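In the UniProt record's numbering, the protein residues as written are 1 to 250.
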């Protein structure tokens, strides 16, 4: 495994990344919550892009993987700042953004910040607004009181160690919601979602599909597939989706 390169953001966060040169539009992979750029999808897509001479970028948000900082000190807005700065400093020209889980929310925030840079988008089990609709909505009154008074609670995860959810994550998440106000996506979008996903429901995928203002947006539901969306058939679907949104006039 090669060593990553690093940049330091304007906020002082040290971000690790791997960039593969090639033709555009460059594919930028945005990983999920507590995931990292060494995951199956990121590495597979990097190899796929390299074989085709396609530019590709993967990185770790602050508090994730090989980047600096602690996860529990971060929030959606911090990771959106990381994403924007990585894009501003390490890419040029049009982009195809691939967002997995929380990375799907980050992709939508990036589209809000710089829609002119995005040629196409692929989301995989996108989880927009999950801090409000998942974490906060899932707490009972006692849990909410603990979170507000102590500043954090611990929530179980089916895929890794428990999440430390902080008050700042919840309050910052409310400043970055994308399903409560107009969401313009003026480029082709492909959304992929497994029906056996226990972390992000198909209702979230349908809500995003209904809410977004997009001239070319399609949702594919894959029966029996879970949140990882990483078996060979799913990886081929991601490849096909990237090719679709990259095509001229797509």
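Every residue, glycine too, gets a C-beta built ideally from N, C-alpha and C.
Every value quoted in this text rests on a predicted model; they were computed, and no experiment measured them.
Can you give me the C-alpha to C-alpha distance between residue i and residue j, rounded to a whole angstrom?
i	j	result
residue 93	residue 174	31 Å
residue 223	residue 143	34 Å
residue 151	residue 166	6 Å
residue 25	residue 69	31 Å
residue 199	residue 105	14 Å
residue 117	residue 95	6 Å
residue 91	residue 28	9 Å
residue 58	residue 149	37 Å
residue 76	residue 177	10 Å
residue 325	residue 38	The requested residue 325 is not part of the displayed model; the chain covers only 1 to 250.
residue 128	residue 12	26 Å
residue 135	residue 247	37 Å
residue 245	residue 97	10 Å
residue 219	residue 2	35 Å
residue 80	residue 103	10 Å
residue 251	residue 140	Residue 251 is absent from the structure shown; the chain starts at 1 and stops at 250.
When you compare each of the options to residue i by their alpha carbons, which one comes out closest?
i	options	result
residue 74	96, 169, 49	169
residue 191	203, 198, 182, 9	203
residue 187	33, 15, 112, 55	112
residue 213	179, 232, 234	179
residue 67	131, 82, 14	14
residue 84	95, 110, 234	110
residue 163	10, 8, 21, 34	34
residue 209	28, 185, 176	185
residue 324	138, 228, 171	The structure shown has nothing for residue 324, since the chain only spans 1 to 250.
residue 237	193, 6, 206	193
residue 31	220, 123, 81	123
residue 232	22, 2, 138, 44	44
residue 55	40, 88, 19, 89	19
residue 131	121, 119, 155	155
residue 125	101, 6, 89	101
residue 72	211, 172, 221	172
residue 201	221, 36, 99, 87	221
Taking 7 Å as the cut-off, is the C-beta of residue i nearer than that to any heavy atom in the ligand ZN?
i	result
residue 169	The ligand content of the structure shown is nil, which means the ligand ZN is not present either.
Following the continuous alpha helix (DSSP H) through residue i, name the residue where it begins and the one where it ends.
i	result
residue 222	First-last for residue 222: 217 to 222, but that is the beta strand (DSSP E), not the alpha helix (DSSP H).
residue 246	232 to 246
List the endpoints of the continuous beta strand (DSSP E) containing residue i.
i	result
residue 24	23 to 30
residue 16	14 to 20
residue 8	5 to 8
Residue ranges of each alpha helix (DSSP H) within the UniProt domain "Serine aminopeptidase S33" (45 to 139), 4 or longer: Here the runs fully enclosed are 76 to 90, 102 to 113.
Cβ contact (3+ pairs, closer than 8 Å) linking the stretch 42 to 51 and the stretch 63 to 74: Proximity of the stretch 42 to 51 to the stretch 63 to 74 falls short of the contact definition, fewer than three beta-carbon pairs being nearer than 8 Å.
Alpha helix (DSSP H) runs wholly inside the stretch 137 to 204, at least 4 long, in chain order: 141 to 150, 167 to 174
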